[in-house]
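Here's the structure, in structure tokens; my notes come after.
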Amino acid sequence: MKRCPAPVPHTVMTVDATVSLDACPRRASHLVFRWEASQDAYVILYPEGLVKLNASAGEILKRCDGMRSVSSVIAELQAAYAGADGAQIADATRAFIDTARHKGWLQW
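Residue numbers for the sequence shown follow this note's numbering, beginning at 41 and rising by one.
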């Protein structure tokens, strides 16, 4: 697994940047990400409310810790779901990370 350098404080990618496989996303510090047994899902809590994540989104976000690169997250998911199409996992993971970045859930 590729380890990422310590994050630079307050570094956020711009909206029109593409997701690099070497990027090391981490969950935004103003959000709470956790498993909610009552929801039977991972959730994001923020001052305005709650977002219940589907299983795929939860699996991706729990790996976005600022230490793993996007390529490492993809490789872990491909290993965890070995029966699935690896290319589809890679495409869906990058698309979700890009969406999460635009929503302000992830930082670099």
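Ideal placement from N, C-alpha and C gives every residue a C-beta, glycine not left out.
Note that the structure is predicted; figures quoted are calculated from it, not measured.
- Per DSSP, the unbroken alpha helix (DSSP H) holding Ala120 starts and ends at Val110 to Ala120.
- Look at the beta carbons and you see the region 73 to 91 not touching the region 114 to 130: under three pairs across the two are nearer than 8 Å.
- A Cβ-Cβ separation of about 15 Å leaves Asp138 out of contact with Ser109 under the 8 Å criterion.
- The beta carbon of Arg134 is closer than 7 Å to those of Val59 and Val110 in its chain, skipping five residues each way along the sequence.
- Counting of Cβ neighbours within 10 angstroms places Val113 among the buried residues, the total reaching 16 or more.
- Counting the other CB atoms within 10 Å of its CB gives Leu90 a total below 16, which places it among the exposed residues.
- Scanning its chain for C-beta atoms nearer than 6 Å, with the 5 sequence neighbours on each side dropped, one finds around Ala140 the residues Leu146, in chain order.
- Only exposed fits Ala77, as fewer than 16 other CB atoms lie within 10 angstroms of its CB.
- For Lys143, the three-state secondary structure derived from DSSP is coil.
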